[in-house]
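Position 166 of the sequence shown, counted from 1, bears residue number 166 in my numbering, the numbering being contiguous throughout. Presented below is the structure to which this report refers.
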Amino acid sequence: MLGPELINLTARPTPIFLEGSAAIQLTQQAAKDLGLKDGQIVQGVITARGDLLKLLINNRELEWPGSSRFKPGDRLDFRVDSSIFGRLLVPIRGLTTAPGNTPPAIPSPALLQLMHRPDQPSVLARLFKSGGIEALAAQLGGSEQLRASLMLSMAKLSPMLIKRGLSNSGLFGEQLLARGVVRQAPDLKQLLRSLLRNVPLQSAIGADLKGAIEEVESKQLESLQAQQSRELSYSFVLPFMDANAVEIELYREASNSAAEDQEWIINLHTESPSLGELWLKTTLQSAASIHMVMWAPRVDVADRARDAASELQSELQRFGLTLEKLDVLNARRPSASEGLSGSGQMVDLST
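Dropping the structure here:
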């Protein structure tokens with residue numbers, strides 16, 4: 001099935017990736033020197049330098065393997081993109097059809113099903129909690145690959161491991177393929193598909209695997225729709241070897257202000273055997289200012305969290321962060337069905 005990143009959801013024509021043409025990886029400083037901004041469309045010109053073909057963008061020569069497919073004087077459009085993989089110049093084919101003459105795209109039934117997927121508990125989190133994925137992978141001889149590439153250690157958790165978990169979440173697979181990037185190991189969605197091919201479709205585990213794949217793809221659609229509104233939204237599950245899986249939502253509203261003034265929302269949800277169900281909402285309001293809200297249905301857990309507030313504040317200060325406020329609520333976090341509606345309904349929850 002074609003991934004959601006490659007499906008046109010709008011009536012207007014969208015840029016198309018040039019097949020077989022790899023994206024150009026840039027450092028942040030190089031992008032700044034070229035005057036590039038996220039989402040910007042820039043034009044490059046193929047220029048001859050002796051026997052070599054170079055790509056000229058904003059009067060700067062860039063090395064690009066794709067240049068050999070063109071001739072001097074050819075002009076190409078590139079979109080400036082930014083992700084956890086760095087700053088990229090993604091080659092796109094220029095639009096040749098006037099917007100007014102383009103018929104509206106009709107979503108497929110499968111796509112409509114993903115777009116209107118109802119809110120429900122995470123199938124992925126349940127599968128990892130029950131050990132269903134690990135047990136199935138062990139039966140099929142893939143448990144070592146699962147642990148090596150996807151399962152993290154809560155005891156050794158670090159920013160780099162979280163970044164790896166996001167990159168392996170299945171959100172970016174089709175996007176990377178379109179850019180010509182080859183993964184060294186399968187991501188979560190690829191692994192789920194591999195497992196699904198080896199079980200009866202009508203079995204209970206087959207239904208769970210199919211539901212988990214649909215969950216990942218619905219999150220891909222959410223991310224794509226957010227990007228079209230100049231927002232950022234990533235929802236994924238971090239699986240652990242020594243703890244239950246954690247559901248994570250990263251969200252940033254569209255903003256025209258400087259990057260350091262943009263507000264980020266980080267939502268976490270997990271169910272701990274010793275602490276019960278927990279929710280945490282962190283709002284990063286500036287480069288160093290943090291507000292937190294925690295929901296803990298158990299009274300003893302809520303009390304322990306309040307008692308540990310000063311320790312948390314000290315730990316955050318080690319990383320140059322200031323905890324401005326921490327609210328610990330002895331309750332379950334309200335859900336969308338309890339009065340919330342609209343874009344970002346599970347993200348920007350007032351307390």
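Even for Gly, the Cβ is constructed at its ideal location relative to N, Cα and C.
Extent of the continuous alpha helix (DSSP H) run through residue i
{"i": "Arg-193", "result": "188 to 196"}
{"i": "Met-368", "result": "Outside the modelled stretch of the chain, which goes from 1 to 351, sits residue 368, for which no answer is possible."}
{"i": "Gly-211", "result": "204 to 228"}
{"i": "Asp-303", "result": "299 to 307"}
Proximity to residue i [Cα-Cα], best of the options
{"i": "Leu-62", "options": "Gln-40, Ile-290, Leu-88, Asp-81", "result": "Leu-88"}
{"i": "Arg-193", "options": "Ile-133, Glu-277, Asp-81, Leu-268", "result": "Ile-133"}
{"i": "Asn-330", "options": "Gly-73, Gly-276, Gly-320, Ser-310", "result": "Gly-276"}
{"i": "Ala-309", "options": "Met-294, Leu-150, Leu-221", "result": "Met-294"}
{"i": "Gln-228", "options": "Gln-317, Ala-254, Leu-150, Glu-217", "result": "Ala-254"}
{"i": "Glu-217", "options": "Pro-239, Asp-187, Ala-204, Leu-161", "result": "Asp-187"}
{"i": "Gln-190", "options": "Val-181, Ala-204, Glu-174", "result": "Glu-174"}
{"i": "Leu-268", "options": "Glu-247, Ala-288, Leu-55, Ser-274", "result": "Glu-247"}
{"i": "Phe-70", "options": "Lys-54, Arg-60, Asn-58", "result": "Lys-54"}
{"i": "Phe-240", "options": "Leu-278, Ser-149, Ala-48", "result": "Ser-149"}
{"i": "Ala-226", "options": "Ala-204, Glu-249, Leu-238, Val-237", "result": "Glu-249"}
{"i": "Gly-180", "options": "Leu-224, Ile-92, Leu-152, Ser-235", "result": "Ile-92"}
{"i": "Ser-67", "options": "Asn-59, Ala-48, Arg-60, Asn-58", "result": "Ala-48"}
{"i": "Gln-313", "options": "Leu-52, Arg-304, Ile-290, Ala-31", "result": "Ile-290"}
{"i": "Ser-169", "options": "Ala-125, Ala-185, Phe-236, Arg-230", "result": "Phe-236"}
{"i": "Ala-204", "options": "Gln-317, Arg-60, Leu-127", "result": "Leu-127"}
{"i": "Ala-185", "options": "Leu-238, Glu-215, Leu-146", "result": "Leu-146"}
{"i": "Ser-122", "options": "Val-90, Asn-58, Ala-138, Leu-238", "result": "Leu-238"}
Contacting residues, own chain, Cβ-Cβ under 8 Å from residue i (five flanking each side not counted)
{"i": "Thr-96", "result": "Bear in mind that the predicted position of Thr-96 carries a pLDDT of just 32, short of 50, making it too unreliable to give a figure here."}
{"i": "Lys-129", "result": "Asn-244, Ala-245, Glu-271"}
{"i": "Pro-273", "result": "Asn-244"}
{"i": "Arg-332", "result": "Glu-277, Trp-279, Trp-295, Pro-297"}
Where the beta strand (DSSP E) through residue i begins and ends
{"i": "Val-237", "result": "232 to 238"}
{"i": "Leu-53", "result": "52 to 57"}
{"i": "Gln-262", "result": "From DSSP, Gln-262 is part of no beta strand (DSSP E); its letter is neither H nor E."}
{"i": "Gly-44", "result": "41 to 49"}
{"i": "Gln-25", "result": "24 to 26"}
{"i": "Leu-152", "result": "Counting along the chain, Leu-152 falls outside any beta strand (DSSP E), and DSSP gives it neither H nor E."}
{"i": "Glu-247", "result": "246 to 252"}
{"i": "Leu-176", "result": "Run containing Leu-176: none in the beta strand (DSSP E); it sits in the alpha helix (DSSP H), 173 to 178."}
{"i": "Leu-326", "result": "322 to 329"}
Chain-order list of residues whose beta-carbon lies under 7 Å from that of residue i (same chain, five-residue window excluded)
{"i": "Leu-176", "result": "Arg-183"}
{"i": "Ala-155", "result": "Asp-242"}
{"i": "Glu-74", "result": "Reading off the sequence, residue 74 comes out as Asp, not Glu. Taken in chain order, the residues that qualify are Ile-46."}
{"i": "Ala-288", "result": "Gly-320, Leu-321, Thr-322"}
Same chain, Cβ closer than 6 Å to residue i, five either side skipped, listed in chain order
{"i": "Leu-195", "result": "Leu-136, Leu-209"}
{"i": "Trp-264", "result": "Arg-252, Leu-284"}
{"i": "Gly-206", "result": "Val-199, Pro-200"}
{"i": "Ala-302", "result": "Ala-296, Val-328, Asn-330"}
{"i": "Arg-306", "result": "Val-328"}
{"i": "Met-292", "result": "Thr-282, Leu-326"}
{"i": "Phe-85", "result": "Any reading at Phe-85 must be qualified, since the residue scores a pLDDT of 48, below 50, and its modelled position is unreliable; no value is offered."}
{"i": "Leu-161", "result": "Leu-152"}
{"i": "Asp-51", "result": "none"}
{"i": "Leu-36", "result": "Val-80"}
Bridge partner(s) assigned by DSSP for residue i
{"i": "Lys-281", "result": "Asn-267, Val-293"}
{"i": "Ser-272", "result": "Gly-276"}
{"i": "Glu-61", "result": "Leu-56"}
{"i": "Asp-81", "result": "Leu-88"}
{"i": "Leu-76", "result": "Gly-44"}
Residue-chain proximity (residue i, chain B), Cβ-Cβ < 9 Å
{"i": "Pro-239", "result": "In the structure shown, chain B cannot be found, because there is only a single protein chain."}
Fill in: Segment contact flag, the region 158 to 166 with the region 199 to 214, C-beta cutoff 8 Å, min 3 pairs
no
Practice prompt. Answer yes if the region 265 to 285 comes into contact with the region 195 to 202, meaning at least three C-beta pairs across the two stretches below 8 Å, and no otherwise.
Written response: no
Discussion item. Quick check: the region 25 to 43 against the region 72 to 81, are at least 3 beta-carbon pairs closer than 8 Å?
Written reply: yes
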